[in-house]
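Here's the structure we're looking at; comments come further down.
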Amino acid sequence: MTGTRAAVWATGAVAVAASAAVALQVKEYKSGIVWPEPKVVAPGKTDRDPPADAVVLFDGKDLSRWDKGENWEVKDGVATVRKSDITTKDAFGDCQLHLEFATPEKVEGKGQGRGNSGVFLMGKYEVQILDSVDNPTYFDGQAAAVYKQSPPMVNASRGPGEWQTYDIVFTAPRFAPDGKVAKPAYVTVVHNGVVVHNHFELLGGTFFDRPPAYEKHAERLPIRLQNHGNPVRFRNIWVREIAPIEGKKPQ
Ligand code: MG
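The sequence shown begins at 68 in our numbering and counts up by one.
Below, the structure is given as structure tokens:
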């Protein structure tokens with residue numbers, strides 16, 4: 068053994084001995100919180116497919132889960148915006164929403180007039196749908212903006228006619244009995260696999276003609292899809308109600 072090798076061996080042996088001594092002294096931290104076992108939810112075949120506990124709002128067949136669904140065209144597994152907004156018959160609060168949309172392949176109009184629709188959480192908080200490829204408009208009104216509150220962090224839009232996804236995680240606002248906001252709403256939006264809002268704190272409802280503001284409302288309200296006069300197409304829409312898992316803290 069050369070002098071150098073012997074030194075390396077000795078250093079290694081000391082390190083092993085030291086780490087064994089430390090291991091003996093380490094006591095595992097335990098929170099003491101008694102957690103319920105997380106419920107098993109079978110995921111979809113792919114991440115686009117609804118998990119077992121999802122409410123499927125549109126599977127390509129019909130819009131029977133939507134008020135005014137008869138106003139839209141359903142053909143070849145796709146729902147196309149026609150003469151009115153449509154609103155879910157069920158109400159939702161905190162939720163995970165998946166939807167797929169395509170702005171018209173035939174490019175018509177400009178700015179807010181091109182491929183405009185929108186998804187309104189609780190019927191009040193809009194994540195904008197727009198053709199935002201080579202289509203200048205105000206930034207807090209482009210695709211995936213929280214309308215007139217924040218542009219998306221980046222523009223992850225696909226082109227006209229191409230299918231796009233929104234995966235939205237929404238926390239409903241909480242109101243005190245006097246109507247004041249106890250906790251604001253939050254939204255996280257993933258557009259085509261790209262995070263564009265990270266737990267964004269909403270300033271209130273999203274309006275065209277006035278500043279954002281909260282108005283006390285129910286814990287759960289329907290989701291609305293917008294008719295803005297453009298034949299935007301939708302497919303594969305599902306939603307899951309979500310709630311934090313709660314453990315019993317030690318006294
Ligand atoms: Mg819109």
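All C-beta atoms in this analysis are idealised placements derived from N, C-alpha and C, irrespective of residue type, glycine included.
Is any beta-carbon of chain B found at less than 7 Å from that of residue i?
{"i": "Lys247", "result": "Protein chain content of the structure displayed is limited to a single chain, and chain B is not contained in it."}
On the DSSP letters alone, give me the boundaries of the beta strand (DSSP E) that residue i sits inside.
{"i": "Ala146", "result": "145-147"}
{"i": "Gln163", "result": "162-169"}
{"i": "Phe275", "result": "Per DSSP, Phe275 belongs to no beta strand (DSSP E) and is neither H nor E."}
{"i": "Ile235", "result": "231-238"}
{"i": "Asn265", "result": "261-268"}
{"i": "Asn303", "result": "300-308"}
{"i": "Val248", "result": "248-250"}
{"i": "Ile312", "result": "No beta strand (DSSP E) contains Ile312, which DSSP labels as neither H nor E."}
{"i": "Gly185", "result": "184-188"}
{"i": "Gln195", "result": "192-196"}
{"i": "Thr204", "result": "Run containing Thr204: none; DSSP gives neither H nor E here."}
{"i": "Leu124", "result": "122-125"}
{"i": "Ile290", "result": "No beta strand (DSSP E) contains Ile290, which DSSP labels as neither H nor E."}
{"i": "Lys142", "result": "140-142"}
{"i": "Thr113", "result": "No beta strand (DSSP E) contains Thr113, which DSSP labels as neither H nor E."}
{"i": "Ile153", "result": "153-155"}
{"i": "Tyr253", "result": "253-258"}
Decide if residue i is buried, meaning its Cβ has at least 16 other Cβ atoms within 10 Å, or exposed.
{"i": "Arg241", "result": "exposed"}
{"i": "Asn265", "result": "exposed"}
{"i": "Val263", "result": "buried"}
{"i": "Val256", "result": "buried"}
{"i": "Ala280", "result": "exposed"}
{"i": "Ala211", "result": "buried"}
{"i": "Ile277", "result": "Residue identity check: residue 277 is Arg in the sequence provided, not Ile. Answer is exposed; the Cβ neighbour count stays below 16."}
{"i": "Gln92", "result": "exposed"}
{"i": "Glu95", "result": "exposed"}
{"i": "Val101", "result": "exposed"}
{"i": "Asp198", "result": "buried"}
{"i": "Gln318", "result": "exposed"}
{"i": "Phe275", "result": "exposed"}
Look at the alpha carbon of residue i and the alpha carbon of residue j, and state the distance between them as a whole number of angstroms.
{"i": "Ile309", "j": "Gly208", "result": "28 Å"}
{"i": "Glu140", "j": "Asp129", "result": "9 Å"}
{"i": "Pro314", "j": "Val108", "result": "The identity of residue 314 in the sequence shown is Gly, whereas the question assumes Pro. Approximately 19 Å between the Cα atoms of the pair."}
{"i": "Lys316", "j": "Pro105", "result": "17 Å"}
{"i": "Pro118", "j": "Asp161", "result": "17 Å"}
{"i": "Val299", "j": "Asp114", "result": "23 Å"}
{"i": "Thr147", "j": "Ile196", "result": "14 Å"}
{"i": "Pro110", "j": "Gly271", "result": "33 Å"}
{"i": "Glu282", "j": "Val254", "result": "18 Å"}
{"i": "Ile153", "j": "Ser131", "result": "11 Å"}
{"i": "Gly136", "j": "Ile290", "result": "13 Å"}
{"i": "Met68", "j": "Gly99", "result": "Unreliable placement is indicated for Met68, whose pLDDT of 46 sits below 50; no coordinate value is reported for it."}
{"i": "Asn259", "j": "Ile235", "result": "11 Å"}
{"i": "Phe125", "j": "Pro103", "result": "32 Å"}
{"i": "Ala285", "j": "Ala243", "result": "12 Å"}
{"i": "Arg307", "j": "Trp230", "result": "22 Å"}
{"i": "Thr232", "j": "Lys97", "result": "40 Å"}
{"i": "Phe237", "j": "Pro219", "result": "15 Å"}
{"i": "Asp157", "j": "Asp201", "result": "37 Å"}
{"i": "Ala239", "j": "Glu193", "result": "13 Å"}
{"i": "Phe187", "j": "Phe267", "result": "15 Å"}
### Query
Do the segment 167-177 and the segment 247-255 touch if we need at least three Cβ pairs shorter than 8 Å?
no
### Message
Closer than 8 Å is the cut-off here; do at least three beta carbon pairs connect the segment 133-147 with the segment 199-208?
### Response
no
#### Entry: Residues proximal to the ligand MG by C-beta, any heavy atom closer than 7 Å
Asn183, Ser184, Gly185, Glu193, Gln195, Ile196, Leu197, Tyr214, Gln293, His295
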